[in-house]
Amino acid sequence: MLSISSIDQYYGESHTLWELSLDVPVGSCLCLMGRNGVGKTTLLKSIMGLIPVREGIIKMDGQDITSAKAELRAELGIGYVPQGREIFPLLTVEENLKVGLRAASKMGIKKVPEQIYEIFPVLKQMLNRRGGDLSGGQQQQLAIGRALVLNPKLLILDEPTEGIQPNIVSQIGDVIIRLNRSKGFPDPAVSPSKGITLEAISKINKEMGVTVLLVEQKLPFARKVADQFCIMERGRNVAIGKMPELTDEIVKKYLTV
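Okay, structure coming up:
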C-alpha cells in the first residue's frame with residue numbers, strides 16, 4: 277500500500293531522517309514507535325506532502341507521490357489525522373466533516389457518509405456545536421471522522437490517544453481495529469456504540485480492510501490495535517517486525533525513558 281525508500285529529511289541544517297525505508301503492507305496496521313524527537317511526526321508529514329522530501333521516494337499503490345501536492349494524496353485515498361487533531365474550532369461539527377468532501381467529491385462522495393455517525397454517535401448529537409466547544413475526546417473523534425469522509429485506503433493517525441480520557445481511548449481502539457479488519461465502514465450492528473468483540477472481528481477478512489499507519493506512545497494500545505511495529509531512533513529504523521516480536525528487551529532498549 278505504502279512504500280518509503282531511503283528518505284532523507286532536514287529541518288534547516290538539522291538532519292532528521294536518515295535514509296529511512298519502510299513498507300506498509302495492504303490490510304496491515306503498523307505502529308510507528310520511538311521516544312520523543314526521533315522523527316515520527318516528521319515522517320508522517322513527509323508522507324502527506326506537508327514538508328518536501330529532500331531525498332528518497334514515496335509510493336502509494338505503486339504510484340510515485342514524492343513530489344505530489346497534499347491534496348492529491350487525499351484524492352488517492354490517504355486519510356490523515358494529525359497530532360493535536362487540528363480541527364477548525366470556529367466551525368461546527370458538520371462543517372468540519374464537510375471539509376473532507378472537497379477531495380472526496382472527486383471519488384463520487386457528495387455528502388458525509390451516514391456510517392460516520394454510526395461509528396461516532398456523539399458527532400450526530402453535536403452537529404451544530406462548534407468544534408472548539410467539544411471535549412478533547414470528542415475532538416479526536418471528529419478529526420478521525422473527518423478523515424473517514426474520504427473512505428480512505430490508508431488511514432494515518434498521529435498519536436490518536438494523546439490527552440484523551442480512557443473510555444474514548446478504548447472506543448478509538450475498537451474503531452481502528454474494526455476499520456482495519458473490514459471492508460470500508462463497519463457494520464452498525466457491531467459498531468463501538470453497541471459493543472464489539474474480538475471474536476466478531478476475527479471472522480472478517482482482514483485483507484479487505486483499511487490499511488492503518490499510526491504513531492503511538494501507549495504500548496498497551498499499540499499491542500491491542502497493531503499487527504506490526506517499526507521503532508525509530510535518531511531518524512532511523514532500528515527494529516521492525518510483527519507485534520508479537522516486540523519483546524521486553526526491545527521495549528527496554530528503545531522505548532523506556
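Under our numbering, the residues of the sequence shown are numbered 277 to 533, in order. C-beta: ideal position from N, C-alpha, C; glycine also.
Under the DSSP definition of a beta bridge, which residues are partnered with Lys-335? Ser-279 and Asp-340, per the DSSP bridge assignment.
Could you compute how far the alpha carbon of His-291 sits from the alpha carbon of Asn-312? His-291 and Asn-312 have their alpha carbons spaced roughly 16 Å apart.
Leaving out the 5 sequence neighbours to the left and right, which residues in its chain are closer than 6 Å to Ile-516 when beta-carbon positions are compared? Contacts found: Cys-506.
Could you tell me which residues DSSP pairs with Ser-290 in its beta bridges? DSSP lists Tyr-287 as partners of Ser-290.
Does Ala-498 come out as helix, strand or coil in the three-state DSSP assignment? The answer is helix: DSSP assigns Ala-498 an H, G or I state.
The segment 422-439 / the segment 346-357 touching (three or more Cβ pairs under 8 Å): Cβ pair count under 8 Å is three or more, so yes.
Asp-450, DSSP secondary structure in three states: DSSP, read as helix, strand or coil, puts Asp-450 in helix.
Does the beta-carbon of Asn-404 have 16 or more other beta-carbons within 10 angstroms, so that it is buried, or is it exposed? Under a 10 Å Cβ-count criterion, Asn-404 is classified as exposed, with fewer than 16 other Cβ atoms of the shown protein chains found around its own Cβ.
Residues of its chain near Lys-316, where Cβ-Cβ distance is below 7 Å and the 5 sequence neighbours each way are ignored: Close CB contacts of Lys-316 within its chain, under the 7 Å cut and outside five residues either way in sequence, are with Leu-308, Gly-310, Val-491 and Met-508 (chain order).
Starting from the C-beta of Glu-435, find all residues in its chain whose C-beta is less than 7 Å away, skip the five residues before and the five after it, and write them out in chain order. For Glu-435, the CB contacts under 7 Å within the same chain, skipping 5 residues up- and downstream, are Gln-359, Val-491, Glu-492 and Gln-493 in chain order.
I need the straight-line Cα distance from Gly-325 to Gly-303, nearest angstrom please. Answer to the nearest angstrom: the Cα atoms are 22 Å apart.
Which first and last residues belong to the alpha helix (DSSP H) in which Asp-319 is found? Just to set this straight, residue 319 is Leu in the shown sequence, not Asp. Where Leu-319 is concerned, the enclosing alpha helix (DSSP H) stretches over 316-324.
Any idea what DSSP makes of Asn-513, helix, strand or coil? Asn-513: strand per DSSP, three-state reduction.
Nearer than 6 Å: is that true of the beta carbon of Leu-306 relative to any heavy atom of the ligand ATP? Questions concerning the ligand ATP fall outside what the structure shown contains, since it holds no ligand whatsoever.
Round the Cβ separation of Asp-284 and Gly-332 to the nearest angstrom and send it over; I've been treating them as touching at under 8 Å. That pair is a contact at about 6 Å.
N- and C-terminal bounds of the alpha helix (DSSP H) containing Val-527: Where Val-527 is concerned, the enclosing alpha helix (DSSP H) starts and stops at 524-530.
Spatially closest choice to Gln-441 from Val-488, Val-375 and Gly-413, by CA coordinates: Among Val-488, Val-375 and Gly-413, the Cα nearest to that of Gln-441 belongs to Gly-413.
Going by other Cβ atoms of all chains shown within 10 Å of its Cβ, with 16 needed for buried, is Thr-523 buried or exposed? Per the 10 Å Cβ criterion, exposed.
C-beta contact flag for Ile-327 and Lys-321 at 7 Å: Yes, Cβ-Cβ distance for Ile-327 and Lys-321 is below 7 Å.
Rounding to the nearest angstrom, what Cα-Cα distance links Leu-474 and Gln-391 in this structure? Summary for Leu-474: the model assigns pLDDT 40, below 50, so the residue's position carries little reliability, and this model does not support an answer.
Note the first and the last residue of the continuous beta strand (DSSP E) segment covering Val-491. That run of the beta strand (DSSP E) goes 487-491.
What is the rounded straight-line gap between the Cα of Cys-305 and the Cα of Gln-447? Distance between the alpha carbons of Cys-305 and Gln-447 is about 17 Å.
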